[in-house]
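Numbering (the numbering used here) for the sequence shown: 791 to 964. Virtual Cβ for every residue (Gly too), placed ideally from N, Cα, C. Read the structure below first, then the notes.
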Amino acid sequence: MKTLDDLAALRFSYDAVGSTRFDRTPEGYHRMDLRTRIGAGDQVFRRAGEVVTTWQMHRGAGIRITATDTPAVIGTNCLGKLGIGALAITIPCRVVWTADDEDHRGFAYGTLPGHPESGEESFLVTREPDGVFFTLRAYSRPGTWYTRLAGPLGRTTQQLYARRYTQALQRLVA
């Protein structure tokens with residue numbers, strides 16, 4: 791899998807598509823939640839929503855990402871890469887839901903075959919009475935032989951990138 795065009799014919803690598811929207815974790819999947827206050831006010835909310843939905847947060851976290859749509863819409867295919875050259879890990883995903891109203895901005899994507907994990911991850915910016923928050927919610931299980939072999943290291947890596955996303959968002963909104 792080398793290009794975005796290769797993703798169009800792929801089906802999701804898991805069955806419970808859209809579950810992050812309803813705060814459900816399918817049986818047999820590991821769940822991760824991270825919620826961080828990133829500021830306050832309309833300007834912070836608008837900017838954070840833009841950073842999340844236009845892939846800037848992903849790039850700021852060190853993922854080289856291309857997508858069929860910017861901002862993200864349902865059905866957008868995206869292909870991330872981590873690493874260098876032949877050692878790069880590809881991260882193919884498809885957007886499964888979006889949020890775009892006066893108090894919510896963001897999206898979730900689900901994994902496609904070839905992704906190191908199998909599952910879904912959501913990135914949501916919310917405007918609340920006590921500030922603007924970023925919530926990352928994910929459920930996953932190993933999707934490849936090497937993530938199964940890595941065991942808990944896979945979850946540790948996922949947590950590391952969750953923190954990197956949050957730090958990139960905070961930096962880009964500041």
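Check	Outcome
Pick from A857, G831 and Q833 that is closest to T843, judged by C-alpha positions	A857
Buried/exposed call for P906, threshold 16 Cβ in 10 Å	buried
Local Cβ density within 10 Å of W935, reported as buried at 16 or more and exposed below that	exposed
Helix, strand or coil at L902 according to DSSP, with G and I counted as helix	coil
Validate contact between the region 813-821 and the region 924-931 using beta carbons, cut 8 angstroms, 3 pairs	yes
Local conformation of W887 per DSSP, three classes	strand
Cβ-heavy atom distance, V863 to the ligand GDP, below 7 angstroms	Of the ligands one can find in the structure shown there are none, so the ligand GDP has no counterpart to examine.
Reduced DSSP category for D832 - H, G, I as helix; E, B as strand; rest coil	helix
Cβ shell of A952 (< 8 angstroms), same chain only, five flanking positions each side left out	M822, L824, L926 and A928
Three-state secondary structure (DSSP) of F924	strand
Terminal residues of the beta strand (DSSP E) in which V915 lies	E907 to E918
Stretch pair the region 794-807 + the region 882-898: three plus CB contacts closer than 8 angstroms	yes
Proximal residues to G873 (C-beta, below 6 angstroms), its chain only, five neighbours per side dropped	I879
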